[in-house]
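The structure appears below as structure tokens.
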Ligand SMILES: NC(=O)c1ccc[n+]([C@@H]2O[C@H](COP(=O)([O-])OP(=O)(O)OC[C@H]3O[C@@H](n4cnc5c(N)ncnc54)[C@H](OP(=O)(O)O)[C@@H]3O)[C@@H](O)[C@H]2O)c1
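Numbering (our numbering), first residue to last: 33 to 277.
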């Protein structure tokens, strides 16, 4: 039996496509009142139409403190907060070529964006509500070329247990996805993407890459299970096992 979120309010930060859009749909289908946020009203409106349930939309840039503060000053109290945004594949490069500016942008677009949003959200979050962050299997999968993104996602993963201890009874968890077919990969030309995904899939115990809906189910599980906190839940097709970890 799936958990009901009827009468509960959920904000999904970074939901104009991909994992956030899928999570927003999953919460809305389970009865939640959902607000989706991103940088473009046009893209959010398009996502709301695809979601097919009534959801509110809010334009904000998570790298801008004023924009984040303005959103949380206005938003109605929340039961659950989900943060599904990043600066994409910036910082994914062979280490010898990794530009410091790109690594800083990756930290800004993910680590600082997540922590800024969570801090601003605290006054609006139900005391025993939930927060779900999205990290990445790169934090532990030891993939060549991913040292920058491993540092970014590892930093965020390591913040989860102390946040859960400090902010209790608010629950704080993360989902750590492996490769998921979303616009995150839009920097790879479409012609090359299928071959790239096929190559990655071959190295995974499950033999395929993931779907945004699968990560969305992990997110709603963490938000809906009141006995789970301080956890990083892998939803990665065994990506960290494939490297022997
Ligand atoms: N896809 C994968 O293979 C994969 C694997 C591991 C981890 N992840 C992680 O999963 C999370 C979601 O990724 P995804 O695959 O769903 O990517 P996506 O399809 O590119 O979605 C990212 C979402 O974040 C929003 N966003 C980006 N920067 C923002 C900002 N500064 N302020 C507000 N919104 C912003 C985007 O909307 P706008 O552009 O309209 O603002 C979009 O809705 C990310 O943290 C990513 O690192 C993804």
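Even for Gly, the Cβ is constructed at its ideal location relative to N, Cα and C.
What you are looking at is a predicted structure, and each value in this text was computed from that prediction instead of being measured.
Below 8 Å on the Cβ atoms is my contact criterion, and I expect residue i with residue j to pass it. Report the Cβ-Cβ distance as a whole number of Å.
| i | j | result |
| --- | --- | --- |
| residue 118 | residue 142 | 4 Å |
| residue 189 | residue 206 | 6 Å |
| residue 202 | residue 161 | 6 Å |
| residue 68 | residue 44 | 5 Å |
| residue 220 | residue 228 | 6 Å |
| residue 192 | residue 264 | 6 Å |
So, using beta-carbon positions, are residue i and residue j closer together than 8 Å?
| i | j | result |
| --- | --- | --- |
| residue 268 | residue 209 | yes |
| residue 247 | residue 54 | yes |
| residue 204 | residue 261 | yes |
| residue 266 | residue 241 | no |
| residue 96 | residue 40 | no |
| residue 79 | residue 113 | no |
| residue 60 | residue 35 | no |
| residue 70 | residue 56 | no |
| residue 180 | residue 124 | yes |
Which residues bound the alpha helix (DSSP H) around residue i?
| i | result |
| --- | --- |
| residue 281 | Because the chain spans 33 through 277 in this model, residue 281 falls outside it and cannot be assessed. |
| residue 231 | 222-234 |
| residue 192 | 179-199 |
| residue 151 | 145-153 |
What are the boundary residues of the beta strand (DSSP E) that includes residue i?
| i | result |
| --- | --- |
| residue 140 | Neither: residue 140 is in no beta strand (DSSP E) and is coded neither H nor E. |
| residue 209 | 203-209 |
Residue i: buried (16+ other C-beta within 10 angstroms of its C-beta) or exposed?
| i | result |
| --- | --- |
| residue 151 | exposed |
| residue 159 | exposed |
| residue 138 | buried |
| residue 259 | exposed |
| residue 178 | buried |
| residue 222 | exposed |
| residue 58 | buried |
| residue 276 | Residue placement at residue 276 cannot be trusted, given a pLDDT of 48 that sits under 50; the coordinates are not used to answer. |
| residue 231 | exposed |
| residue 244 | buried |
| residue 218 | exposed |
| residue 171 | buried |
| residue 94 | buried |
| residue 37 | buried |
Can a CB atom of chain B be found closer than 8 Å to the CB of residue i?
| i | result |
| --- | --- |
| residue 254 | The structure shown contains no chain B; it holds only a single protein chain. |
Stretch-stretch touch, CB-based, cutoff 8 Å, three pairs: the segment 99-111 with the segment 183-198: no
The segment 160-175 touching the segment 112-130, judged by at least three CB pairs closer than 8 Å: With contact defined as three or more Cβ pairs closer than 8 Å, the segment 160-175 and the segment 112-130 are in contact.
Stretch pair the segment 126-133 + the segment 58-76: three plus CB contacts closer than 8 Å: The answer is no - the segment 58-76 does not touch the segment 126-133, with fewer than three Cβ pairs under 8 Å.
Cβ pair count under 8 Å reaching 3, the segment 250-266 against the segment 44-60: yes
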